[in-house]
Amino acid sequence: EAQVTQNPRYLITVTGKKLTVTCSQNMNHEYMSWYRQDPGLGLRQIYYSMNVEVTDKGDVPEGYKVSRKEKRNFPLILESPSPNQTSLYFCASSLKGLPGGTLYNEQFFGPGTRLTVL
Amino acid sequence: SQQGEEDPQALSIQEGENATMNCSYKTSINNLQWYRQNSGRGLVHLILIRSNEREKHSGRLRVTLDTSKKSSSLLITASRAADTASYFCATDAQKRDDKIIFGKGTRLHILP
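Sequences listed follow chains Y and Z, in order.
Under my numbering, the first residue of the first sequence carries the number -15, and numbering increases by one thereafter.
Under my numbering, the first residue of the second sequence carries the number 37, and numbering increases by one thereafter.
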C-alpha cells in the first residue's frame, strides 16, 4: 500500500531533550516536506526536500533540522525542543517538485505526530 | 509571504445541500490545491487546479479558479455526513522564494 508513515504518533517530552520524528514514504517520491499545524494558524511548512541531499527552509524552520540521505526517509530533528514546539506535525511527499520548492503534483500526507514539550 | 485564506471559517448545512468554500491568495501562483482533513488526521488531497485552468471536477467536487481575482472556490454537491471535515486550500507561488502556503481552513459540518 502506497503510504507515508511517521513515528512516533504521539510523544511527550521535556524541554531540551533531543528528539527525532521519522518519516518514510514508499512511493519513490522526490519531494518531501514537514509541516506543523497549530490552532488558528493552519499548516505551516517547516522544511522541504526536492531530492536526496537537497533540503531548504520553509516558513518556520527555526529550532528544527532535517536530513535527506535516502530518497524514502526525511527525519525531523529537534535538537533542543521548547514548549512552543508543541504541535501536530505532518510529513508529506510528492512525486516531483520544481526548483524553488513549487509543487507539480499532489502531496500525500502522513497520519501526523502529536508532540508535547513540557 | 502570501497566504491562502479560506472563507467562511465554519459552515453548517443540512445533508443533501451544497457547500461552497472560498479561498483567496495574494500573489501569482503555479497551482492551487484543495485538501480535506478529518479531525486530528492527515490531509487528503482532493483536487489540483493549475493557473491556466478555470474549472475542474471530481465526482461531487467542483473547483473554480479566478486568477484575476486571486480566488478559488470548492463546491461540494449533495453533501453527506462523511463530508464533515476541515477543508484547506494550498498554493505554491511563481516566485522562487515563496513556499507552499496553506490557508487556515474551513470547518464544514453536515447536519443529519
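All residues carry an ideal CB built from backbone N, CA and C; glycine is no exception.
Three-way DSSP call (helix, strand, coil) for residue i in this model
| i | result |
| --- | --- |
| residue -13 of chain Y | coil |
| residue 119 of chain Z | helix |
| residue 45 of chain Z | coil |
| residue 68 of chain Y | helix |
| residue 11 of chain Y | coil |
| residue 63 of chain Z | coil |
| residue 48 of chain Y | coil |
| residue 138 of chain Z | strand |
| residue 89 of chain Y | coil |
| residue 124 of chain Z | strand |
| residue 88 of chain Z | coil |
| residue 55 of chain Z | strand |
| residue 99 of chain Z | strand |
Within chain Y, the residues that residue i reaches when beta carbons sit closer than 8 Å
| i | result |
| --- | --- |
| residue 140 of chain Z | 24, 25 and 26 |
| residue 49 of chain Z | By Cβ distance, chain Y contributes nothing, its closest Cβ being about 22 Å from residue 49 of chain Z, past 8 Å. |
| residue 146 of chain Z | None at all; the shortest Cβ gap to chain Y is about 22 Å. |
Supposed contact pair residue j and residue i - C-beta distance, whole angstroms, cut 8 Å
| i | j | result |
| --- | --- | --- |
| residue 62 of chain Y | residue 2 of chain Y | 7 Å |
| residue -10 of chain Y | residue 6 of chain Y | 7 Å |
| residue 100 of chain Z | residue 108 of chain Z | 6 Å |
| residue 58 of chain Y | residue 79 of chain Z | So it is not a contact: roughly 17 Å between Cβ atoms. |
| residue 50 of chain Y | residue 33 of chain Y | 7 Å |
Chain Z contact residues for residue i, given Cβ-Cβ distances below 7 Å
| i | result |
| --- | --- |
| residue 91 of chain Y | 81 |
| residue 95 of chain Y | 77 and 78 |
Chain-ordered neighbours of residue i on chain Z, where CB pairs are closer than 8 Å
| i | result |
| --- | --- |
| residue 74 of chain Y | 78 and 79 |
Residue i classed as buried or exposed, judged by whether at least 16 other C-beta atoms fall within 10 angstroms
| i | result |
| --- | --- |
| residue -6 of chain Y | exposed |
| residue 29 of chain Y | buried |
| residue 129 of chain Z | buried |
| residue 140 of chain Z | buried |
| residue 67 of chain Z | buried |
What residues in the segment 35 to 47 of chain Y have a beta carbon less than 9 Å from any beta carbon of chain Z? Per Cβ criterion, the list reads 40, 41, 42 and 43.
Which of the residues in the segment 14 to 38 of chain Y, read from start to end, lie with their CB under 9 Å from any CB of chain Z? Within the segment 14 to 38 of chain Y, the residues whose Cβ lies closer than 9 Å to some Cβ of chain Z are 17, 19, 21, 24, 25, 26, 27, 28, 29 and 32, listed in chain order.
For the segment 69 to 80 of chain Z, which residues have a CB atom closer than 9 Å to at least one CB atom of chain Y, in sequence order? Taking 9 Å as the Cβ-Cβ cut-off against chain Y, the residues of the segment 69 to 80 of chain Z that qualify are 69, 71, 73, 76, 77, 78, 79 and 80.
Taking only beta carbons into account, state which residues of the segment 85 to 116 of chain Z come closer than 8 Å to chain Y, listed in chain order. Within the segment 85 to 116 of chain Z, no residue qualifies.
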